[in-house]
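A.B. asks: Numbering (UniProt numbering), first residue to last: 1 to 163. Quick reminder that beta carbons are idealized off the backbone N, C-alpha and C, glycines included. These figures come from a predicted structure and were not determined experimentally. Submitted below is the structure of interest, expressed as structure tokens.
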């Protein structure tokens, strides 16, 4: 079923919460030996609706009464609301060992031996908030990969045995 939120979008003021600058996020991965790329499963649909607001999202069809319990796609403030949520969730990590653009996440580690600890911190936050990842779009513990449409390269240590 498709729901048109045009009227709701007209009635709501624009949320001016700024999304991160992609170029800064990509640049912030430089100098890291290990990277893990993650994508939140169903992105916005993981944001639970505030219980008292659920009835405001109820609509009737000929098949019955429906109520959104999660933030629906199509709302103009969905991106800003989601970014605000993940910024809060990962406040201790962003800029340190993590970069996030809406539902695209990257855990980065200066050294390979620290990467498991950095990922543990990330997964602890994901678990605490009940957020799920899309395993088909995740890559863990690599020296490079694609993030937000850009190829990012971490530090690749040369094997000293190779001449």
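Leaving out the 5 sequence neighbours to the left and right, which residues in its chain are closer than 6 angstroms to residue 28 when beta-carbon positions are compared?
C.D. replies: 99, listed in sequence order.
A.B. asks: Taking DSSP as the reference, what is the three-state secondary structure of residue 131?
C.D. replies: coil
A.B. asks: Three-state secondary structure (DSSP) at residue 141?
C.D. replies: Under the three-state reduction of DSSP, residue 141 is assigned to strand.
A.B. asks: Excluding five sequence neighbours on each side, which residues of the same chain lie with their C-beta closer than 6 angstroms to the C-beta of residue 33?
C.D. replies: For residue 33, the CB contacts under 6 angstroms within the same chain, skipping 5 residues up- and downstream, are 111, 112, 154, 155 in chain order.
A.B. asks: For residue 108, which option in 151, 18, 144 has the closest C-alpha, if you only look at C-alpha atoms?
C.D. replies: 144
A.B. asks: Spatial neighbours of residue 136 within its chain, please: C-beta separation below 8 angstroms, excluding the five flanking residues on both sides.
C.D. replies: none
A.B. asks: Determine the DSSP secondary structure at residue 69, reduced to helix, strand or coil.
C.D. replies: Note on residue 69: pLDDT 47, under 50, position unreliable in the model; the coordinate value appears next. Coil at residue 69, not helix or strand.
A.B. asks: Is the beta carbon of residue 187 sitting closer than 8 angstroms to the one on residue 26?
C.D. replies: A query on residue 187 cannot be resolved here, the shown segment of the chain reaching from 1 to 163 and no further.
A.B. asks: Count the other CB atoms, across all protein chains shown, that sit within 10 Å of the CB of residue 147; report buried if there are 16 or more and exposed otherwise.
C.D. replies: Label assigned to residue 147: buried.
A.B. asks: Hey, residue 103 and residue 40: beta-carbon distance below 8 angstroms or not?
C.D. replies: yes
A.B. asks: Where do the ends of the beta strand (DSSP E) carrying residue 35 lie?
C.D. replies: Per DSSP, residue 35 belongs to the beta strand (DSSP E) from 34-39.
A.B. asks: Taking the alpha-carbon of residue 16 as reference, which of 31, 80, 38 has the nearest alpha-carbon?
C.D. replies: 80
A.B. asks: Tell me the DSSP bridge mates of residue 101?
C.D. replies: 104
A.B. asks: Between residue 106 and residue 37, is the Cβ-Cβ spacing less than 8 angstroms?
C.D. replies: Residue 106 is a Cβ neighbour of residue 37, given a cutoff of 8 angstroms.
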